[in-house]
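At position 182 of the sequence shown the residue is numbered 182 (UniProt numbering), and the sequence of numbers has no breaks.
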Amino acid sequence: MDWRRAKTILIIAFICLDLFLGFQLYRTMEKKSQYMNSNIIENGQVTDQEVQSLLAKYQIKLATSKPKEPTQISAFKAKASSLSGWKKGDGETYAKTFPSPVPFKDYQHMDQMLQKWIPFFKDFRYSENDSKPNVRVYLQMKDQIPIYNSRILVHLEKNKIKAIELSHYELTQPISIYLTSFNSALYHLIQSGKVPTSKSPSATVTIREVSLGYWVYPKAEEHIILPAWRFYIDHHFYYVPANKNMEVIKK
């Protein structure tokens with residue numbers, strides 16, 4: 001027998017066994033970690049200390065105060081509003097383009113014009129955080145809480161209105177739901193891997209704004225409006241539904 005060859009085969013076999021056992025251990029630890037993360041999020045058991053530890057690990061700075069969490073919040077069924085005389089766009093949006101841009105004196109004057117053109121304009125409120133120099137944005141409100149993807153976009157050219165895009169929903173039946181805590185939402189957002197991480201040991205990624213609002217989920221007939229946490233990180237908004245179905249949306 002070639003003992004040298006047999007010895008080599010045994011060494012290779014032991015290496016393969018070590019690799020296999022190591023992989024099995026890794027899979028077991030990974031599943032345990034995923035289970036613990038899922039269990040923490042579902043039961044709302046994420047503590048401030050756990051959040052701070054995770055922020056430090058990924059070099060993320062929370063540069064705003066922790067928001068107050070309401071004692072009660074509802075989800076809603078809703079129907080999209082229609083608007084006669086406007087062009088139907090994608091999904092539930094409507095648009096109006098002015099061949100000759102319409103001038104306005106100031107933003108108060110603009111709001112007065114929008115109120116004449118849009119029958120449900122009173123349901124909206126101007127959002128500075130969502131607006132840009134050439135696009136003024138208004139968000140639909142429900143009990144002083146914004147619906148992030150139900151909005152009016154006013155496209156501007158200096159002191160003139162070029163076009164308007166909008167969507168609006170009539171909220172019908174309230175639905176009682178369990179509200180996911182801010183800590184759980186932030187924990188899930190960071191663990192999702194969708195937040196950019198710092199490329200330098202001395203740099204940090206900054207969360208500049210956190211708010212609680214609603215997000216519209218389109219259905220065939222009636223839509224569902226669910227509460228959602230919104231995080232503003234490095235010029236992008238991230239939305240985390242404030243219920244057990246926590247799929248991160250980046251805008």
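Don't be surprised by glycine CBs; every beta carbon is placed ideally from N, CA and C.
In this structure, Asn-149 sits near Trp-215, with a CB-CB distance shorter than 8 Å. Sequence-distant Cβ neighbours of Lys-88 in its own chain, meaning closer than 7 Å and more than five residues away, are Tyr-94. Where Val-137 is concerned, the enclosing beta strand (DSSP E) starts and stops at 135–142. Pairing Ile-177 with Thr-64 gives a Cβ-Cβ distance that is not under 8 Å. In the three-state reduction of the DSSP assignment, Ile-118 falls in the coil class. For Gln-45, the three-state secondary structure derived from DSSP is coil. Listed in chain order, the non-local C-beta contacts of Leu-179 below 6 Å within the same chain comprise Ile-73, Ala-242, local neighbours out to five positions each way being set aside.
Per DSSP, Asn-183 is one residue of the alpha helix (DSSP H) stretching across 182–191. A buried status is given to Arg-151, since no fewer than 16 other beta-carbon atoms sit within 10 Å of its beta-carbon. In this structure, Pro-67 lies near Val-210, with their beta-carbon atoms less than 8 Å apart.
Using a Cβ distance threshold of 8 Å, Tyr-169 and His-223 count as a contacting pair. For Pro-174 and Ala-75, the gap between their C-alpha atoms comes out near 6 Å. When the five nearest sequence neighbours on each side are left out, the beta carbons in the same chain lying within less than 6 Å of the beta carbon of Thr-97 are those of Ala-163, in order along the chain.
Short of 6 Å from the beta carbon of Ile-118, and not among the five residues preceding or following it, lies no beta carbon of its own chain.
Taking the Cα of Arg-125 as reference, the smallest distance to any Cα among Lys-57, Val-154, Ser-100 is reached at Val-154.
DSSP places Val-240 in the strand class (E or B) of the three-state scheme. Residue pairing by DSSP places Leu-166 opposite Tyr-94, Ile-152 in a beta bridge. In the DSSP assignment, the residues bridged to Ile-233 are Ile-207, His-236. Distance from the Cα of Pro-196 is smallest, within the candidate group Arg-136, Phe-121, Ile-60, Pro-227, for Ile-60. In the three-state reduction of the DSSP assignment, Lys-61 falls in the strand class, which pools E and B. Per DSSP, Lys-68 lies in no beta strand (DSSP E) and is assigned neither H nor E. Partner residues in the beta bridge of Phe-76, as assigned by DSSP, are Pro-174, Ile-225.
Annotation for Leu-62: Leu-55, Ile-207 place their beta carbon closer than 7 Å to its own, counting only its chain and skipping 5 residues before and after.
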